[in-house]
Amino acid sequence: MRRRLAEEARRSDLVGLAERHGTPLLVLDADRVASQLLELRRQLPGVEIHVALKALPHPALIRAVDAFGASFDVASRGELDLLEGEGVDLSRCVHTHPVKSVAELTGAYLRGVRTFVVDDAGEVDKFAGLPPDARVLVRLSFPNPDAAADLSAKFGVAPEAARELVEHCLRAGRQVAGFTFHVGSQTTSAEPWRRAITRTLQLMRDLEGRLGVEFDTLDLGGGFPVAYDEPVPALAVIAHGIRDALSAVPARYRVLVEPGRFVAAPAMTLVTRVVGSATRPDGRWVHLDDGVYGAYSNIPAEGVHALVFAASELAHRPPADEDAERAVRRVRELAYAPVTLAGPTCDSVDVIARSLRLPRLVAGDLLVSPMMGAYTSATATRFNGIEPTPIHVLVRDEQGVAH
Ligand SMILES: Cc1ncc(COP(=O)(O)O)c(C=O)c1O
Numbered sequence: 060m061r062r063r064l065a066e067e068a069r070r071s072d073l074v075g076l077a078e079r080h081g082t083p084l085l086v087l088d089a090d091r092v093a094s095q096l097l098e099l100r101r102q103l104p105g106v107e108i109h110v111a112l113k114a115l116p117h118p119a120l121i122r123a124v125d126a127f128g129a130s131f132d133v134a135s136r137g138e139l140d141l142l143e144g145e146g147v148d149l150s151r152c153v154h155t156h157p158v159k160s161v162a163e164l165t166g167a168y169l170r171g172v173r174t175f176v177v178d179d180a181g182e183v184d185k186f187a188g189l190p191p192d193a194r195v196l197v198r199l200s201f202p203n204p205d206a207a208a209d210l211s212a213k214f215g216v217a218p219e220a221a222r223e224l225v226e227h228c229l230r231a232g233r234q235v236a237g238f239t240f241h242v243g244s245q246t247t248s249a250e251p252w253r254r255a256i257t258r259t260l261q262l263m264r265d266l267e268g269r270l271g272v273e274f275d276t277l278d279l280g281g282g283f284p285v286a287y288d289e290p291v292p293a294l295a296v297i298a299h300g301i302r303d304a305l306s307a308v309p310a311r312y313r314v315l316v317e318p319g320r321f322v323a324a325p326a327m328t329l330v331t332r333v334v335g336s337a338t339r340p341d342g343r344w345v346h347l348d349d350g351v352y353g354a355y356s357n358i359p360a361e362g363v364h365a366l367v368f369a370a371s372e373l374a375h376r377p378p379a380d381e382d383a384e385r386a387v388r389r390v391r392e393l394a395y396a397p398v399t400l401a402g403p404t405c406d407s408v409d410v411i412a413r414s415l416r417l418p419r420l421v422a423g424d425l426l427v428s429p430m431m432g433a434y435t436s437a438t439a440t441r442f443n444g445i446e447p448t449p450i451h452v453l454v455r456d457e458q459g460v461a462h
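Residue 60 is where the sequence shown starts when you use the working numbering, and the numbers rise one by one after that.
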């Protein structure tokens, strides 16, 4: 995995880009957005893809998703502004924030959104002034403590309590299109989807029978994982379990997914530079020009750890054979030393990694982290007056070389 990520990082001239554009720098490759979407479509044929814009709200991602023919999952007016700016057809988008103001809801409806999410009777009542074509999906809660972010505590109604909410919608004259859930971000097995799909389909059959309604939508949410510092099962493995559970879905249902991380994470690579280093009582500290208040915001927020390579490691072309590569790496690592990698802010929280074995680094050296597209720039702050890390969008020339 480390080898594959290093190989991918080698393909773009990251050092050249850092020299031309400065650091820190996030390098966005929209082709990776397309290849991730292609893989999702291959593994989940017939399933509609609505990319969760919150993971990487950037025009280049929007254009790639739109050109692919996929749509979006949005959660705020700001995200709708971005999509509108890129000429996206908002009527195909789903607004998935279960709790929103009447102004937010009405604004989204007026801009064309027709599918919304609710998880409480009070939220249903906010639809009172809207025409009947504003349909709702009921958000169910399926706890998953193993996920990087278990979303079931903040949102969703337990399947046992869903009937009451559906009845409330019907009394209010609001059509329930179906159900949605999120099994937790960075879910690394098909089991949580399998359980959630099976339970939701059982609920849908039961309510259709009891209440005489017909649902038409099952939304499986996001949660598809990527490999940061540990391998994760391939999408093919997870999708196999999902397809299996979906075999019980009535033909008239649309099935949706809302991938965020899976589409966005591989599309961006971070290049940082060593600002300085120091020897402290607990060992060598290396200070970078980006940190946990910036692009590495995924570390405190989600507990995920992207790999960090010294650019000098990437400059070395490994032997073709993986065992030989491992042997060479072991020898090289004898010269590596454990360091604490710190970010640029003047506080004690901004620590990216501890006891990380890296080649000797001096001020000016470059470091590279792949898999930095999801919940990185999107969740970064301006703490300490540090500007957000710029995003450079790669363009390919006629020879296919990325600049
Ligand atoms: C409603 C909803 N859908 C989709 C996503 C995307 O999840 P992921 O990035 O794990 O695929 C999120 C993330 O918070 C979400 O809240």
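The beta-carbon is built from N, C-alpha and C at its ideal position, and this holds for glycine as well.
Is S244 near ligand 1 - that is, is its Cβ less than 7 Å away from at least one heavy atom of it? yes
Within this structure, are the beta carbons of Q245 and V86 separated by less than 8 Å? Their beta carbons are not under 8 Å apart, which means Q245 does not touch V86 by this criterion.
Around the Cβ of T440, are there at least 16 other Cβ atoms within 10 angstroms (buried) or fewer (exposed)? exposed
Considering Cα atoms alone, identify which of D349, D192, V225, P397 is closest to L417. P397
In three-state terms, what does DSSP make of G335? strand
With hydrogens ignored, establish whether the beta-carbon of G186 is closer than 7 Å to any heavy atom of ligand 1. Rather than Gly, the amino acid found at residue 186 in this sequence is Phe. Flag unset: Cβ of F186 not near ligand 1.
Beta-carbon of L229 versus every beta-carbon of chain D: anything under 8 Å? No chain D appears in this structure, which consists of one protein chain only.
Report yes or no: do three or more beta-carbon pairs, one from the stretch 169 to 176 and one from the stretch 140 to 155, lie closer than 8 Å? yes
Work out the CA separation of E226 and F201 for me, nearest whole Å. Rounded to the nearest angstrom, the two C-alpha atoms are 21 Å apart.
According to DSSP, W344 sits in a beta bridge with which residue or residues? W344 is bridged to A337, T399.
Taking 7 Å as the cut-off, is the CB of L277 close to at least one heavy atom of ligand 1? no
Residue interval of the beta strand (DSSP E) (run including H451): 450 to 452
Just checking my contact of I256 with L305 at CB under 8 Å: how many whole Å lie between their CB atoms? 6 Å
Within the stretch 143 to 229, ranges of the alpha helix (DSSP H) (whole runs, at least 4 residues): 161 to 169, 180 to 184
Go ahead and pull the three-state DSSP assignment for I256. helix
V272 by DSSP, collapsed to three states: which one? coil
Between the CA atoms of D424 and V124 - distance to the nearest angstrom: Inter-residue distance for V124 and D424 is about 35 Å (C-alpha atoms, whole angstroms).
Should A134 and L196 be called a contact, given that it needs their Cβ atoms to be closer than 8 Å? With contacts defined by Cβ atoms closer than 8 Å, A134 and L196 do not form a contacting pair.
Measure the alpha-carbon distance for F283 versus P325 and round it to whole angstroms. 12 Å
Distance between D288 and S336 (C-alpha atoms, nearest Å): 24 Å
To the nearest angstrom, how far is the alpha carbon of V463 from that of R194? Summary: the structure shown does not reach residue 463, with the chain confined to residues 60 through 462, and so no result is reported for it.
Hey, quick one: how far does the alpha helix (DSSP H) through S436 stretch, first residue to last? Careful: S436 lies outside any alpha helix (DSSP H) and carries neither H nor E.
Leaving out five residues on either side along the sequence, give the residues of the same chain with a beta carbon under 8 Å from the beta carbon of A394. P418, R419
Spell out a yes or no on whether the stretch 429 to 440 and the stretch 376 to 393 are touching, meaning 3 or more CB-CB pairs, one atom from each, closer than 8 Å. no
Classify R313 as helix, strand or coil using the three-state DSSP reduction. strand
Tell me whether T165, by its Cβ, gets closer than 7 Å to a heavy atom of ligand 1. no
Determine, using beta carbons only, whether D178 and P157 come nearer to each other than 8 Å. yes
Tell me whether R413 sits in a helix, a strand or coil according to DSSP, three-state version. Three-state DSSP puts R413 in a strand.
Backbone secondary structure at L393 - three-state DSSP: coil
Exposed or buried, which one is V285 when buried takes at least 16 other CB atoms within 10 Å? buried
By the three-class DSSP mapping on this structure, what secondary structure does L120 have? helix
P429 classed as buried or exposed, judged by whether at least 16 other C-beta atoms fall within 10 angstroms: buried
Any idea which residues DSSP pairs L64 with across the strands? In DSSP, L64 forms no bridge with anything.
Counting along the chain, where does the alpha helix (DSSP H) carrying S371 start and finish? 370 to 374
Euclidean distance between Cα positions of R313 and F368: 43 Å
Verify the contact flag: G282, CB atom, against every heavy atom of ligand 1, threshold strictly below 7 Å. yes
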